[in-house]
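For the sequence shown, this note's numbering puts the final residue at 1095, and the numbers step up evenly by one. Backbone N, C-alpha and C fix where the C-beta goes; we use that ideal spot for every residue, glycine too. No experiment lies behind these values; they were computed from the predicted model shown. The structure under discussion appears below in the form of structure tokens.
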Amino acid sequence: MINGGSETAVAPVGGSQPLDWKFSQVFGERTAGEEIQEVDIISAIEFNRNGDHLATGDRGGRVVLFERTDTQDHVGHRRDLEKMDYPINRHPEFRYKTEFQSHEPEFDYLKSLEIEEKINKIRWCQSSNGALFLLSTNDKTIKLWKVQEKKVKKVCNMNVDSTKAMGNGPIVGSSISTSSKQYIANGGCTSNDFSFPTGGFPSLHLPVVVVVNPECLFVTSHETNLMARCRRIYTHAHDYHINSISNNSDGETFISADDLRINLWNLEISSQSFNIVDVKPANMEDLTEVITSAEFHPTHCNMLAYSSSKGSIRLIDMRQSALCDTHRKLFEGQEAPGSRSFFTEIIASISDIKFAKDGRHILTRDYMTLKLWDINMDSGPVATFQVHEYLRPKLCDLYENDSIFDKFECCLSGNGLRVATGSYSNLFRVFGCSEGSTEATTLEASKNPMRRQGQATSRPSRSLGNLSGVVRRVKGADNSGVDANGNAFDFTSKLLHLAWHPTENSIACAASNSLYMYYA
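Structure, rendered in structure tokens:
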């Protein structure tokens, strides 16, 4: 329990023990005093469905792909591993795979508006034929990319000695100069320095094109066998900045959301989309809330949820009508009596929304808290996790420097037993939400993560499978106002983007231009 800066470990009452997080890898680590370029700051991060690939996007419009390597080294020994009585805990390792320029800066001449190249979101699509597909978006344009290995081809088994020339020109690899030869239109040569041997060639055969493994050739450093190609461009569908894209479980469609509208696209059709949610009033002066995030249900292709700047979540069913202007369920948090202030609506705005893998629970992040919701219970969140409650007395200062509008992301573990989100001073917090768990761990995005245990819960929690109709406890309150090293929090160093591996306890988080990875 943390109180006034003192720290005391609290043993969990039942449930699983807190995870022991360890540093795994870092990409793009900056040295002391190194100046960070604005274009290198990471703005999006996403694991693919099986967790073997990781994609990041930055403010310079680039997408960087990483692939996991520790599982590939053990594929041939799977049968041996299955015979063992104990699990093999491998150190998760990723390596750089490739990168490409996804978006370029643009200018809208009709609206006199500059469109940044910054990548807002990345979403993986279903792979096919060994190729990787992903969606990336900036403020206005969504692109579908295909990343595929291109095999290197080489002509071999030529007809004659490479020291001689044929009538069609020089042999590949020949060092003989051909500047003195004069060639005619049909490819013949007027030079008389070549003649057929008596009796012709003993073995005449056609050249053969063979596929060569690039790793076996002497190639320069800029050569690669990976190619990223833009397959579709989805544009001219949003008047406001795109804040979300989400793939449907049907593998054919996806949604894109801006402040006032949500559009439904078919991956194969970029010329048109269907508007399924429109919250724009007839008179813009009557506008009271905007859409902040949207996501499809992980298994039901007809359901999606979107959050608003008022802290509400709406669950809609696309089978009800073409324009889903009415919601199936509305989830709203209850405001404490007498607690309303100028900042109430600002800090209530939801910056991110994620479905749990089972599709029953929704995790949301507002400025101060994480909330876990059960879609079968709309009376309130089943769990509330305090991320940085110590900031409440500083809201006026945070409003002055615009930090109060920072949009933190959130994520859930694949088994739904833990949730995570970022904070200031490059810290991120992991909370347990299983039965009896009091886990509230704080880690710093560095090679030596500094852990500390959050405040204990007021009562044991229920497991996700046994949540009833009561609002669960508030967990993880931290009022110390100092970071893991006892220093005042740095509000310029913020950890906004992170992702949890879909099947393992591994987290990737972005601290400025550096990508840190941890495992437990």
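From the options, pick the residue whose C-alpha is nearest to that of residue i; which is it?
| i | options | result |
| --- | --- | --- |
| T646 | R670, D615, A630, R637 | R670 |
| D933 | V962, H875, I717 | H875 |
| E870 | A923, N822, S988 | N822 |
| L987 | S1009, N1001, G632 | S1009 |
| D595 | F1006, S845, G603 | F1006 |
| V722 | R634, E1079, L629, I690 | L629 |
| I690 | T996, G636, G603 | G636 |
| N838 | A857, P856, N858, H816 | H816 |
| R605 | S599, I616, F598, K597 | I616 |
| V1089 | S954, S924, V852, G603 | The question names Val, yet the displayed sequence has Ser at residue 1089. Of the candidates S954, S924, V852, G603, the one whose C-alpha sits nearest the C-alpha of S1089 is G603. |
| S711 | D633, L719, N704 | L719 |
| L1018 | D972, T828, A1083 | A1083 |
| V601 | P1024, E1079, A880 | P1024 |
| V852 | L890, E642, N841, S846 | L890 |
| F1097 | I830, A803, S1021, D892 | Since the displayed the chain opens at 576 and closes at 1095, residue 1097 lies outside it and no answer follows. |
| E674 | N695, V638, T644 | V638 |
| H872 | I717, D714, F829, S1012 | F829 |
| D927 | S887, Q895, D892 | S887 |
| L688 | N704, K597, D714 | D714 |
| L1002 | A1085, Q612, A923, L640 | A1085 |
| T1013 | A1020, Y999, Q961, T773 | Q961 |
| K885 | T919, D953, D900, N841 | T919 |
Which one or two residues does DSSP pair with residue i in a beta bridge?
| i | result |
| --- | --- |
| V638 | G632, F675 |
| Y1093 | F598, I1082 |
| V962 | Its beta-bridge partners do not exist; DSSP assigns none. |
| K904 | L890 |
| S831 | I820, N838 |
| D949 | H936, M952 |
| F1006 | V994, A1015 |
| S703 | A706 |
| H1072 | A1085 |
| K696 | T712 |
So, helix, strand or coil for residue i, using DSSP?
| i | result |
| --- | --- |
| P1077 | coil |
| S978 | helix |
| M802 | strand |
| S1087 | coil |
| V614 | helix |
| E609 | coil |
| L709 | strand |
| Q592 | coil |
| T919 | helix |
| L938 | strand |
| D861 | helix |
| D927 | strand |
| L973 | helix |
| R624 | coil |
From residue i to residue j, what distance separates their C-alpha atoms?
| i | j | result |
| --- | --- | --- |
| D814 | G908 | 30 Å |
| M1092 | L1071 | 15 Å |
| E668 | K693 | 27 Å |
| I844 | C805 | 14 Å |
| G1044 | T959 | Any reading at G1044 must be qualified, since the residue scores a pLDDT of 35, below 50, and its modelled position is unreliable; no value is offered. |
| M943 | F622 | 26 Å |
| R698 | I820 | 7 Å |
| F906 | C700 | 29 Å |
| F849 | S599 | 43 Å |
| M878 | T1016 | 33 Å |
| E827 | H666 | 35 Å |
| S1081 | K686 | 44 Å |
| P968 | L992 | 31 Å |
| D949 | Y881 | 15 Å |
| S978 | G608 | 24 Å |
| D941 | K725 | 44 Å |
| R624 | E860 | 42 Å |
| T1078 | N990 | 7 Å |
| N858 | A832 | 21 Å |
| S702 | D627 | 12 Å |
| L947 | I921 | 20 Å |
| K982 | P593 | 27 Å |
| A995 | A1074 | 9 Å |
| L966 | Y974 | 11 Å |
| V854 | A897 | 14 Å |
| K1114 | P856 | As displayed, the chain neither begins before 576 nor continues past 1095, which places residue 1114 out of reach and without an answer. |
| S1021 | T901 | 46 Å |
| S998 | A619 | 16 Å |
| D892 | E964 | 35 Å |
Original post:
Is the number of C-beta pairs between the region 679-686 and the region 805-813 that are closer than 8 Å three or more?
Top reply: no
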